[in-house]
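Number of protein chains: 2
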Amino acid sequence: MRNDRPQPHQHPVDAERVARARERLPSRDDAAAVAGVLTLISDPTRSRVLYALDVAEELCVGDLALALEVNEDAVGYALRVLRTAGLVANRREGRVVYYRLAPDFPEPLLDHCLWRLVALTRSPAADDAP
Amino acid sequence: MRNDRPQPHQHPVDAERVARARERLPSRDDAAAVAGVLTLISDPTRSRVLYALDVAEELCVGDLALALEVNEDAVGYALRVLRTAGLVANRREGRVVYYRLAPDFPEPLLDHCLWRLVALTRSPAADDAP
DNA sequence: TCGTTGTCCGTACGGGTGTCCGGGTATTCC
DNA sequence: GGAATACCCGGACACCCGTACGGACAACGA
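Taken in order, these protein sequences are the chains called A and B. Everything in the first sequence is counted per the numbering used here, starting at 2 for the first residue and increasing by one. Everything in the second sequence is counted per the numbering used here, starting at 2 for the first residue and increasing by one.
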């Protein structure tokens, strides 16, 4: 951190509002944790993997790539990230590896942040929807 | 797209599940739109700006930096991004610029994706709050 | 009028992220 | 056993994103 620049705005313009915000504001750590979770699903491939697993219950990597119509490498990378974060679980049967949502997957994340948002971005915000 | 590699997995292992996933899956464009919105709030500074504006109703840039205890540049950049996306609105009074959530701000985004998530990540099953 | 304050803008830089590509491993069929 | 399949891994590359910094502008107070 540099101190060359003087601390700006020494006197709050509205001290009361600042105090209220400060007191009810999530800490930087909490915000970082939330941001981390959101970053995980802020990717078309990863979110669609979660959508697909939510719909199909269980899929292997190849079928997942087929369903999403994307490269298998992309699916592999997305699954690695999601698996590292503990959001998906895998089961091996012979030479095929099946993936599903983790048993303790936070459902609010899927319901509120994905399914609801896809409906939200489609219609009300005056988006050009065919 | 390259075709050097042979198309893997020509025959689905479980055609029915693939078909079901394919049919109920958001399109790549929809997923990209959702990812875009989520990316906007997948940043500690930006999300805390939204939290603060939700709590305090209206704040100027300097007070915002004071409340979040971050550099003023960071707040400025966050506000620029949020403003470009149309998530916040500003009002100029003299030389002070006040920011607030945009009139048509999608409340589900804030309620479901931010406030609820911060409670979720803090303690898996505890709600202490608003 | 002149200096100061609050905010915006453009640019350059460091770091993180996704994709491409090679090779590697385990399992099944002949 | 040997070949083929389905998947995993790790490095290399380009790209985007957030930050820092300097300058610019408008608005107040003297």
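Glycine is no exception: its CB is placed at the ideal position from the N, C-alpha and C atoms. None of these values were measured; they are calculated from a predicted model.
Identify, in the order they occur along the chain, each residue of the same chain with its Cβ nearer than 6 Å to the Cβ of residue i, setting aside the five sequence neighbours on each side.
i      : result
B:Y138 : As shown, chain B starts at 2 and ends at 131. That puts residue 138 of chain B outside it, with no answer to give.
A:V19  : P13
A:R97  : Looking at the sequence provided, one finds Val at residue 97 of chain A rather than Arg. C61.
B:E73  : A66
Which bits of chain A does residue i rub up against, with CB to CB less than 9 Å?
i     : result
B:A90 : Under the 9 Å cutoff, chain A gives no residues; its nearest Cβ is about 15 Å from B:A90.
B:V97 : V14
Where does the unbroken beta strand (DSSP E) through residue i begin, and where does it stop?
i      : result
B:L67  : Run containing B:L67: none in the beta strand (DSSP E); it sits in the alpha helix (DSSP H), V62 to L69.
A:L102 : V97 to L102
A:A132 : No statement about residue 132 of chain A is possible, as the shown extent of chain A runs from 2 to 131 and does not include it.
Could you spell out the range, first to last residue, of the alpha helix (DSSP H) harbouring residue i?
i      : result
A:A120 : R117 to R123
A:P109 : E108 to L111
Within the same chain, show all residues whose beta-carbon is closer than 8 Å to that of residue i, passing over the 5 residues directly before and after it, in chain order.
i      : result
B:L88  : L41, L51, L102, A103 and F106
A:A53  : L60, L65, A68 and L69
A:D5   : For A:D5, the pLDDT reaches just 38, beneath the cut-off of 50, and the residue's location in the model is therefore unreliable, leaving the point undetermined.
A:L83  : L41, R47, V50, L51 and V89
B:L110 : V38 and I42
B:D44  : A79
A:L26  : none
Show which residues of chain B have a CB atom less than 8 Å away from the CB atom of residue i.
i     : result
A:V82 : By Cβ distance, chain B contributes nothing, its closest Cβ being about 14 Å from A:V82, past 8 Å.
A:R21 : V56 and A57
Give the interface partners of residue i over in chain A, defined as CB-CB distance under 8 Å, in chain order.
i      : result
B:L115 : V35
In chain A, which residues lie with their C-beta within 7 Å of the C-beta of residue i?
i      : result
B:R93  : What B:R93 touches in chain A: nothing, since even the nearest Cβ is about 13 Å away.
B:R101 : Result: empty, since nearest Cβ-Cβ is about 11 Å, beyond 7 Å.
Below 7 Å CB to CB, which residues in the same chain sit around residue i once its five sequence neighbours on both sides are set aside?
i     : result
A:S48 : I42 and L115
B:A75 : T46
B:A86 : L41
B:A16 : none
B:G77 : V62
A:D55 : L102 and L111
Practice problem: Could you name each continuous alpha helix (DSSP H) segment of 4 residues or more that falls completely within the segment 13-78 of chain A, going from the start of the chain to the end? | Solution: When DSSP assignments are scanned along the segment 13-78 of chain A, the uninterrupted stretches of alpha helix (DSSP H) that are 4 or more residues long and fall wholly within it turn out to be 16-25, 29-42, 45-57 and 62-69.
Quiz item: For the segment 59-76 of chain B, which residues have a beta carbon sitting closer than 9 Å to at least one beta carbon of chain A?
Solution: Under the 9 Å Cβ criterion, the segment 59-76 of chain B contributes E59, L60, C61, V62, G63, D64, L65, A66, L67, A68, L69, E70, V71, N72, E73 and D74.
Quiz item: Taking any Cβ of chain B, which residues in the segment 43-55 of chain A have a Cβ under 7 Å from it, in chain order?
Solution: Residues of the segment 43-55 of chain A whose Cβ lies closer than 7 Å to any Cβ of chain B, in chain order: S43, D44, P45, S48, R49, Y52 and A53.
Quiz item: Of the residues that make up the segment 23-43 of chain A, which ones have a beta carbon closer than 7 Å to any beta carbon in chain B?
Solution: Of all residues in the segment 23-43 of chain A, R23, R25, L26, P27, R29, D31, A32, A33, A34, V35, A36, V38, L39, T40, I42 and S43 have a Cβ within less than 7 Å of some Cβ in chain B.
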